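**Q**
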Amino acid sequence: MAAAVTAEDFTNLQLLLKAPSKDAVRDVCVQSHRAPSRLLAENTATTLSISAAQAAQLVQSLHVLSHHVLFYNLSSPEQILALFPDSFHSSLKNLITKILLENSPTWRTEALSNQISLPQLKELDWRVDMVTGSESVSRMSVPTCLVQFKMEDSCHSGGSESVSTVTVELSRESLDTILDGLGRIRDQLSVVAGK
Amino acid sequence: MRITGPGSGRSNSSTSAVFFFLCFYRETVNKIMQLHFTKDVLPDSVSTDFQNLNKFNEQQFLRLIEILFQFLLEPKESDRFMQQLSAFAGDHGMSAGPLRNLMKSVLLVPQGALKKNLSQEQIKEDLWAEHYAVLSRLAVRQTLMVNQLVDMDWKFGVTVGTSEVQKVGNIFLQLKLVIRKGNSTENVYMELTLPQFYHFLHEMERAKASMDCFS
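Residue numbers (the numbering used here), protein chains in the order written: chain A, 5 to 199; chain B, -13 to 201.
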């Protein structure tokens, strides 16, 4: 969520000056974008030779900063540089800005695909059968359509995703009605897109 | 065996057609049973029931036919069918139970005819054709469907913002499918992105084209 970036956060960010390499800085930035974890804090503490507590604060500050950039869609270097206080180490400031800009598109796509929604349609299959007989009529030839929807419901809390499958039978009339409805949706979409 | 029954001047031709049809059966019950249901074994009570039909006068008989065919045309209205039979029994001072059994036997005739796909020549074509066409269409509609789609609701909109990204502009489509499972319905909700919607539309058009090949 887009919490405000505070002066304390920037103080914590200066701990990155202790990083052995630019790649190490990059790793920490990218990994703290996801939910902060103790493992990450521990690894960061080792890499930067700082205390675990300091590492945890650093990871949290990076998290706040990257989410702030994502939320407000800060897409130019000037916009991000403007966030930093004047006293901030200038090379580190440029490096962090560069890393944030590099990863923003990926983070944005990820955020949009993980947003709350109804179960997402994942797969669609259909087949057309010919019904040749039934209990009420011994000989007939009536086509019928079966459609299978596979939907994925992502439950963020568990990290697990449940896939549910629904198979639906359609008569010719139902299929015509569906196509009618879908055609109307398409027309309305083209009106919206045209605006 | 051709019967010219009363009522040739009736205004409602379907009713008279039905009347002729059942008169035909009423008079020649046993012969018909042999001719058309040779592969079926019917209980003796059925032929007795048909002979009991003879005991009704014309007005009563006509009313019974009306009730019978109302039920055949709307087979889901079994409660109404039973109520009408009970009312009839009350009106004519007879007990409802035997009347219901009688009607069950009488129902075998049109239902058996459909099952055996009896040709129209066998069932007095000029009297039965109209009802047969309607009833066979209804029978086809009664054919078992698994997870039949009853209704589809949709809405589409634009995601304006989320907790993670302040400004967005993605179009989404939400579908609600109402599916009949046995006697109750189940709602299934899902969301589609725009490309998925176009894929869905394309696939349904292909399915329709496939179905049209068979008509």
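No residue lacks a Cβ here, since even glycine has one placed at the ideal position from N, Cα and C.
Source: prediction; values computed, not measured.
Do three or more CB pairs link the segment 65 to 78 of chain A to the segment 49 to 56 of chain A at distances below 8 Å?
**A** The answer is no - the segment 49 to 56 of chain A does not touch the segment 65 to 78 of chain A, with fewer than three Cβ pairs under 8 Å.
**Q** Quick one: is B:I165 near chain A, going by C-beta distance under 8 Å?
**A** yes
**Q** Are the CB atoms of B:V164 and B:V136 nearer to each other than 8 Å?
**A** yes
**Q** Give me whichever residues DSSP pairs with A:E173 in a beta bridge.
**A** A:L150, B:Q134
**Q** Give the range of the alpha helix (DSSP H) segment to which A:V34 is assigned.
**A** 26 to 37
**Q** Alpha carbon to alpha carbon, how far is A:F88 from A:Q18? Give it in angstroms, no decimals.
**A** Taking the straight line from one Cα to the other gives about 11 Å.
**Q** Hey, does B:N38 have any beta-carbon neighbour from chain A nearer than 8 Å?
**A** no
**Q** Please check if any C-beta of chain B sits within less than 8 Å of the C-beta of A:L87.
**A** no
**Q** Please confirm if A:P147 has its CB atom under 8 Å from at least one CB of chain B.
**A** yes
**Q** Would you kindly work out how many angstroms separate the C-alpha atoms of A:P109 and A:Q35, rounded to a whole number?
**A** 15 Å
**Q** Please say whether B:Q128 and A:S140 have beta carbons closer to each other than 8 Å?
**A** In this structure, B:Q128 lies closer than 8 Å to A:S140 by Cβ.
**Q** How would you call B:N43, buried or exposed, if buried means at least 16 neighbouring beta carbons within 10 angstroms?
**A** exposed
**Q** Threshold first: 4 residues or longer. Then list the alpha helix (DSSP H) segments lying entirely within the segment 84 to 157 of chain A, N to C.
**A** 94 to 117
**Q** For A:D191, count neighbouring C-beta atoms within 10 Å of its own C-beta (all shown protein chains included) and say buried if the count is 16 or more, exposed if not.
**A** exposed
**Q** Against A:I189, what residues of chain B qualify as contacts under a CB-to-CB distance less than 9 Å, listed in chain order?
**A** W140, F142, L159, F183, L187
**Q** According to the neighbour-count rule (16 or more other Cβ atoms, all chains shown, within 10 Å of its Cβ), is A:H37 buried or exposed?
**A** Counting other Cβ atoms within 10 Å of its Cβ, A:H37 reaches 16 or more and is therefore classed as buried.
**Q** For B:L54, go through chain A and note every residue whose CB falls closer than 8 Å to its CB, in chain order.
**A** The contacting residues do not exist; B:L54 stays about 17 Å from chain A at best.
**Q** Give every residue of the same chain whose Cβ lies closer than 6 Å to the Cβ of A:A28, excluding the five residues on either side of it in the sequence, and list them in chain order.
**A** T51
**Q** Let me know the secondary structure DSSP gives B:K62 once reduced to three states.
**A** B:K62 carries a coil assignment under DSSP once its states are collapsed to helix, strand and coil.
**Q** Output the distance between the C-alpha atoms of B:R166 and A:I189, rounded to the nearest integer angstrom.
**A** Going by the C-alpha atoms only, they are around 24 Å apart.
**Q** Going by DSSP, what residue range makes up the beta strand (DSSP E) through A:Q48?
**A** The question names Gln, yet the displayed sequence has Thr at residue 48 of chain A. A:T48 -> not in any beta strand (DSSP E); alpha helix (DSSP H) instead, spanning 42 to 52.
**Q** For B:T145, which beta-bridge partners are listed by DSSP?
**A** Answer is B:N156, bridged to B:T145.
**Q** Return the residue from the list B:L159, B:D139, B:K194 that minimises the CA-CA distance to A:L208.
**A** Because chain A in this structure spans residues 5 to 199, residue 208 of chain A falls outside the shown range and cannot be described.
**Q** A:V135 and B:S196: beta carbons closer than 8 Å?
**A** Against a cut-off of 8 Å, the Cβ pair of B:S196 and A:V135 comes out as no contact.
**Q** Looking at the C-beta of B:L130, does it have a partner C-beta in chain A at a distance below 8 Å?
**A** For B:L130, the answer is yes, since a Cβ of chain A falls inside 8 Å of its Cβ.
**Q** For a cutoff of 8 Å on Cβ pairs, would you count A:G185 as touching chain B?
**A** Judged by the 8 Å Cβ criterion, A:G185 is in contact with chain B.
**Q** Compare the C-beta of B:E191 against all C-beta atoms of chain A and say whether one is closer than 8 Å.
**A** Cβ-Cβ to chain A under 8 Å: yes for B:E191.
**Q** To the nearest angstrom, how far is the alpha carbon of B:K153 from that of B:V146?
**A** Their backbone Cα atoms lie some 6 Å apart in a straight line.
**Q** Please report the distance separating the alpha-carbon of B:K90 from that of B:Y175.
**A** 43 Å
**Q** Can a CB atom of chain B be found closer than 8 Å to the CB of A:E106?
**A** With respect to chain B, the C-beta atom of A:E106 has no partner C-beta closer than 8 Å.
**Q** Note down the Cα distance separating B:E60 from B:N156, rounded to an integer number of angstroms.
**A** 48 Å
**Q** With a threshold of 8 Å between beta carbons, is B:M197 in contact with chain A?
**A** Yes, B:M197 counts as interfacial toward chain A.
**Q** With 8 Å as the threshold, decide whether the Cβ of A:P109 is near any Cβ in chain B.
**A** Closer than 8 Å: no.
**Q** Helix, strand or coil, according to DSSP, for B:E251 in the structure here?
**A** The structure shown does not extend to residue 251 of chain B, since chain B is modelled only from -13 through 201, so no value can be given for it.
**Q** Note down, in chain order, each residue of its chain lying with its Cβ closer than 8 Å to the Cβ of B:Q138, except the 5 sequence neighbours on either side.
**A** First, the amino acid is wrong: residue 138 of chain B is Met here, not Gln. Within the same chain, B:M138 has close Cβ partners L161, K162, L163, V164.
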